[in-house]
Every structure is written in structure tokens, then in C-alpha cells.
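Participant:
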Amino acid sequence: MHVSSVLVFTLVLNVYGIQVRIRDQYSNDKSTSSRPAVVIRTGTVTVNNPKLPSTISARTIPAEKQPNLLRVLIIGSKQDVLTTTILRKIASILGDAGHRVTLFSPFTASTTRAPSGQFTSKNIDYAVKSEAIVNAWDQFSVLERIRTVRRTSRDMMTFCEKVFGRMDVIDWMRNEKFDIAITNGATCFQPLLRMAGIRKSIILTTSEPSPWIMKTMGFSYNESPTVNALPYFRRAKTVLSSYIEEMLLEYDLIHPLDHMGQRMVGERFTPFQDAVAQTSFLLVNGDELLDFPRPLTLQWVYIGGLHVKQPLKLSQQWSTLLSMRARNVLVVFGGASPGCSQETTVLLQAFLEIPDTTFIWRNASGPALNQSNVVFVSQVSESDLLSDPRVTAIVTDGRTDSLYDIVTGGKPVICIPSNFEQQGNCDRLHERGIAIVKGCDSLSSKNVKEMIKQCTTSEIRDLSKAFSEALKSKLASRNEKLIRTVEYAAKYGVTPRPRSSVSSGSLTNIYHLDIFIPLLLISIALTILMVWLLCTLADVFLKRRPHEVDDGKKRKLSDPAESQEPQRTIVTPVNPAETPEQPPSEGIS
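Sequence positions in the sequence shown follow mature numbering (1 follows the signal peptide of the UniProt record, and there is no 0) and run -17 to -1, 1 to 572.
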């Protein structure tokens, strides 16, 4: 009892001492507003100072007082919906992280609705609309791709000439004092960033990076498995056309662009290739699970899936439509391709022969056919519909802008590609076991019905669901990965970093040709020497054998001559006493 009383008394004294120290600490402050009590809560800051509002949002704090604040400039160079959506999403993510972001567009403002986020938009119309902005391959034709490269180079030169002539824009960038710039691809603004005081940059690609960008940044470029799987003559034509395109790009765009920049800007102009090589990171709208195997370094950062929206509950109208038939299939095509003009007719004919399935086709103006099981809609949310268990599969051409919405839906995919980019996307889905691929040139009504039937099997449905869950588990960390990458690049810029073997050695060093070629030459020399020795020995043996044969023949010819010599009779003398008498011979006298 005594011990417990002592413990209680000691505890009371300790509490009283703590209160006294706290009272003394705050009594020394002359102003209560200079040191207010702050309680940190999720998303807000609560202050007990009566002179300030009770709750202050994190966004209302002045930018200059936030620690580690970055001024980020995002430059767009394409007008397609996917690029616009991803750039605005990146600006929103960085703005929500507390950074000051400016989204700069050199074209007229897009009608695409921007996601919620804190960023400033600045639009300057350079009045250029060309293939250089779209930069898409619509056909498999090699000649058409080469013509597109020529048009792209010509239109890009026109656009860059206008960019280099607007020094007021560069002065605006310099006055804003941006810490880092994010450009959509290698643009005309890349060589002017250092002149604008922006020494750190990141390149973003919404599709497969071009070989020129990869080689310039030090990545090793490998042919896509889609190209390697082509027949020999078609693959040879594709590989040769790629070399021709690279040469045309070098001589029609890169070199003339540097000459024009030196002429218009002066010595402050950074050569285009050097400006791209100084980029810190390459942000790729892709994912490890959807990409083919390739050698990579830490510069390559996957950010695919940033634009994917969370699925929402379907309205009563959509729910009624999905309940009309046993199966429902979503059909999503980006647009008619010149090489696949008959695919719409083939699909409609196949759908007509499957009356127990409702086909929801995203098409602004569908053909007027009397098919009750085909519903044409102008706008549809793929993620909302695919999250419904009543949807069986999706038919698509494999376009990148809807790829992540399709994959995260967890439904089997019927892929009908019409160009190289779509073919690559479809092949990757097919390798994961979640897609059935059929080229539009070999499409028939029978094939379509067979593919839809295969999508109802449990094997492909289970694989699609498992792959969707694996991909969605990684998308949650994309925002954090993007923020950390931008902050790291803004702080350290281009630092010594591991690069692929292409940037650090020649072809001889990469494949160890300096080691294997001498070994091959030595092996060839030894082989030649051995062959020479064998030939020499064989020649000596063959030359020696005829002499032996001749000597044998001579010996055979000399043996009969010796046998014809007269035989010598050895006469033994006889004793006369032993010799019998012989009668005298009768002779004629």
C-alpha cells in the first residue's frame, strides 16, 4: 500500500511538472499569433489563431512559401485526344503535389475536358496543322510510310521556323524561371530550352518511342517481335524501309533544322541531337506487363495508365440494355482505315448471324440496317461497361488510346489491327493469352463468329481477369512514380547514369567481335593448314605408289626370261667297272 501511494504521488508530480514547463514555454512568447498551435489533419491544416480562418486548404498556401516547390513547364506538340488527356493528367498530378505547373500548347485550345488539378494553361496558336503534329502511320505500305516521313520533315521545318521566330515566347519562359520542362516527344522547343534558362528536361511519348529518340538518348534499339514474325520478303522490305526513313529524317529534318536554328537564333542555339541527348528521363505511356522484352536503363520510366478512370455504376438505361440478351459484346474502333474498308460490312454480317448477343458499337453514325442486336452509340465509357459482368468480350483494333481501358476491364479481346502500331499492341495482348488476333485483310464472317465463341471459354476469361488485376495493382503507384521522377530530374538533371551498351561501345565491342573474329581467323588458318598437310601427304603417297607398281611389273617381266635360260646338267663321273657293257652299235659302213 505504501509503495503504490509513492508511485501515485510521483506520477502526479511528473504531470504537474510537464504542465508547468508547457505554461512557462508559452508565457515567454510575446505574441500568440507568432506561434499558434497547429494540428495536422488529412488534407487540411487547422489553426487556433482567431485572426486566421479556421481551415486552410493546402492549395491556398502561397507558392513561394511552400518548400521544395518546382516550376514545371509542360509543352504539348500533338493535338490527338490521348496526348491532350495525358498531358493534362500529368499537369493535374504535379499540381496536386504542390508544384507550380504551366501547360503550354502551341495550338488552339482543345475541347477535351481537363481533369481537376491546379495548373495554368497557356495557348499560343502558331497556325500549323500538319503530319508533323499527328505523326501517325495509317497503313502497312512502305512507300506510304516513306512519303509520310518526307511530309513530316517538311511540315516540321515550317513549324520550327515559326517557333524560332517567336523570341517573345522564349523570353516569357526565361522570365517565368522554370526549373524543368516536360516535352511531348522531341519538339522544336527542345533546342531552345537552355536559351530560355531551362537546363533540365524530360521527354514524354504517348506511344512507342521513335528509334531516333531511343538511339540519341543511349537506349539500344531492338526490332519489334511483330516485325521479326513477318515473312522473309516482307520483313526485309520493312527493315530496309526503316533504314531509309532514318536516313531521310537525318538529312531532311535534323541537319536542316540545325542550320536554320544557327541562322535564326545564333550561337545560343543547341544542336537538336545534343538537346535530346541531354534529357534526363524518357516517360513512356506503357507498362512492363504490356511491353515486349527489351534492354532498359533507369532513364526509361513507364507511366502507362495515368488517364484510366475509375469505373462508375451504369445508369438504368444501360442496365436495361445489357439485360436484353444472354451475352453483350462491346465494339470499339478508332476509325476506318484505308486498308480495311470492308471490316464494317464483315462484322455486321457476322453479328446478324448471332442473334442472342447484343453488340454495342461506338460509332457516331452507324449504317441504317435492320439489326436489333446492334446498338450504335456516339460516346461510351469502356471502363464502365467492361466492369459489368454481363459484358462478355470487346472487339477493337488495338489503338493505344483505349488500350488501358480495355485491359483493365478484365474481358477477352478480339483484336483486328490495321497498321503496325495496332498490330504490335494486339500481338502483346495475344502473348498474354487475353486476345485473339485476326488481320483485317483476312477477316471473314466465319472468323468473327469463331473468335466470339472462343471468348466465352473459361480459360481466356480467367486469364483476362487475372491480368487485369495484376495491371490495376500497379496503376496505383503511377502518380507517385511520376512525381518522384520529375523531382529527381529537376534536382539532379543529367547525372552520370547507367546507359545501354549501344552508347558506350561500338558494334565490335557489343558483340565481342574483337575477340571472336581473331579466333575465327585462327580457326580458318588452322583448318587451311590441316587441309594443306593432308593434301601434301596424299600427293606424296600417290606419287610414291606408281613407282612401286612399275617396279613390281618389271620384276614380273624379268621372271620368264630367267626361266628360259638353258638348264645346266651336272654330270657325275662314273667308274668304268660299274658301267655295264653295251652291245656294239650297228652302223652302216
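Beta carbons are placed, not taken as given, at the ideal position from N, Cα and C, and that holds for glycine. In this text, all values refer to a predicted model and were calculated from it rather than measured experimentally.
At 4 residues or longer, and completely inside the region 237 to 305: list those alpha helix (DSSP H) runs for me, N to C.
Facilitator: Listed in chain order, they are 238 to 247, 255 to 260, 299 to 305.
Participant: Going by the CB atoms, is the gap between I185 and S263 shorter than 9 Å?
Facilitator: Yes; because the gap between Cβ atoms is below 9 Å, this pair is in contact.
Participant: Please confirm if F142 has its CB atom under 9 Å from at least one CB of chain D.
Facilitator: The chain inventory of the structure shown lacks chain D, comprising one protein chain alone.
Participant: Within the continuous alpha helix (DSSP H) that includes T103, where are the two ends?
Facilitator: First-last for T103: 103 to 106, but that is the beta strand (DSSP E), not the alpha helix (DSSP H).
Participant: Which same chain residues end up closer than 6 Å to W301 when comparing Cβ atoms and leaving out the 5 residues on each side of it in sequence?
Facilitator: So the list is empty, once near-sequence residues are dropped.
Participant: By DSSP, does F87 sit in helix, in strand, or in coil?
Facilitator: Residue state, collapsed to three classes: strand.
Participant: Do L86 and L53 have their CB atoms nearer than 9 Å?
Facilitator: Contact: no.
Participant: Residue ranges of each beta strand (DSSP E) run of no fewer than 3 residues wholly in the region 155 to 233, ordered along the chain?
Facilitator: Qualifying beta strand (DSSP E) stretches, in chain order: 163 to 167, 184 to 188.
Participant: Decide if K436 is buried, meaning its Cβ has at least 16 other Cβ atoms within 10 Å, or exposed.
Facilitator: K436 is exposed by the Cβ-count criterion.
Participant: Nearest to I286 by alpha carbon, out of V315, R467, C518?
Facilitator: The candidate whose alpha carbon is nearest that of I286 is R467.
Participant: In or out: S401 buried (at least 16 other Cβ within 10 Å) or exposed?
Facilitator: By the neighbour-count rule (16 or more Cβ atoms within 10 Å), S401 is buried.
Participant: Cutting at 8 Å between CB atoms, please list the residues of its own chain near T188, excluding the five before and the five after it.
Facilitator: Closer than 8 Å at Cβ, skipping near neighbours: N167, G168, I196, L265, L266, V267, N268.
Participant: Excluding sequence positions up to five away, which residues of its chain have a Cβ less than 7 Å from the Cβ of N11?
Facilitator: Here the model assigns N11 a pLDDT of 43, short of 50, so the residue's position is not dependable, and the following value carries that caveat. Nothing meets the Cβ criterion.
Participant: Count the other CB atoms within 10 Å of the CB of V291; is the residue buried (16 or more) or exposed (fewer)?
Facilitator: Label assigned to V291: buried.
Participant: Helix, strand or coil for I399, going by three-state DSSP, please let me know.
Facilitator: Coil, per DSSP.
Participant: What does DSSP give as the partner residues of A418 in its beta bridges?
Facilitator: Paired residue(s): V396.
Participant: Counting only runs of 3+ residues fully inside the region 305 to 390, write out the beta strand (DSSP E) ranges in chain order.
Facilitator: List check, beta strand (DSSP E) in window: 310 to 315, 340 to 345, 357 to 360, 374 to 379.
Participant: Excluding the 5 residues preceding and the 5 following H413 in the sequence, name in chain order all residues of the same chain whose CB lies nearer than 8 Å to its CB.
Facilitator: These residues qualify, in order along the chain: C398, I419, V420.
Participant: How would you call G249, buried or exposed, if buried means at least 16 neighbouring beta carbons within 10 angstroms?
Facilitator: Exposed, by the Cβ-count rule.
Participant: Going by DSSP in three states, R149 sits in which element: helix, strand or coil?
Facilitator: In the structure shown, R149 sits in coil (DSSP, three-state: anything other than H, G, I, E or B).
Participant: Thinking C-alpha only, which one of I498, N205, S224 is nearest E127?
Facilitator: The residue with the shortest Cα to Cα distance from E127 is S224.
Participant: Using the Cα positions of L35 and A80, report the straight-line distance between them to the nearest angstrom.
Facilitator: In this prediction, L35 scores a pLDDT of 37, lower than 50, which makes its location untrustworthy; no coordinate-derived value is stated.
Participant: Could you give the distance in angstroms between the alpha-carbon of I165 and the alpha-carbon of I57?
Facilitator: Computed Cα separation, rounded: 5 Å.
Participant: Return the residue from the list R444, N408, P276 that minimises the CA-CA distance to Y204.
Facilitator: Comparing Cα-Cα distances from Y204 to each of R444, N408, P276, the minimum goes to P276.
Participant: What's the gap between the Cα of K457 and the Cα of G393?
Facilitator: When rounded, the distance between both Cα atoms is 15 Å.
Participant: Pick helix, strand or coil for V477, following the three-state DSSP scheme.
Facilitator: In the structure shown, V477 sits in coil (DSSP, three-state: anything other than H, G, I, E or B).
Participant: Rounded to whole angstroms, what is the Cα-Cα separation between G288 and I500?
Facilitator: Roughly 46 Å separates the two Cα atoms.
Participant: Go to L77, then tell me how far its alpha helix (DSSP H) extends in each direction, as first and last residue.
Facilitator: Taken as a continuous stretch (DSSP letters only), the alpha helix (DSSP H) holding L77 covers 64 to 79.
Participant: Tell me the start and end of each unbroken alpha helix (DSSP H) in the region 408 to 463 that is at least 4 residues and wholly inside, in chain order.
Facilitator: The region 408 to 463 contains these whole alpha helix (DSSP H) runs: 428 to 437, 441 to 458.
Participant: Might you give, ordered along the chain, the residues of its own chain that have their beta carbon closer than 8 Å to the beta carbon of V360, omitting 5 neighbours on each side?
Facilitator: Cβ neighbours of V360 beyond the five flanking positions: I343, W344, R345, N346.
Participant: In this structure, does DSSP put L126 in helix, strand or coil?
Facilitator: Residue state, collapsed to three classes: helix.
Participant: Does DSSP put L56 in a helix, in a strand, or in coil?
Facilitator: Here L56 sits in strand by DSSP.
Participant: Please classify E326 as buried or exposed, where buried requires at least 16 neighbouring CB atoms within 10 angstroms.
Facilitator: Under this definition E326 is a buried residue.
Participant: Out of V312, F403, K61, which has the shortest C-alpha to C-alpha gap to E206?
Facilitator: Among V312, F403, K61, the Cα nearest to that of E206 is on F403.
Participant: Take F450 and list the residues in its own chain whose beta-carbon comes closer than 6 Å to its own, dropping the five residues that flank it on each side.
Facilitator: R415, I417, listed in sequence order.
Participant: Does DSSP put Y109 in a helix, in a strand, or in coil?
Facilitator: Reduced to three states, the DSSP call for Y109 is coil.
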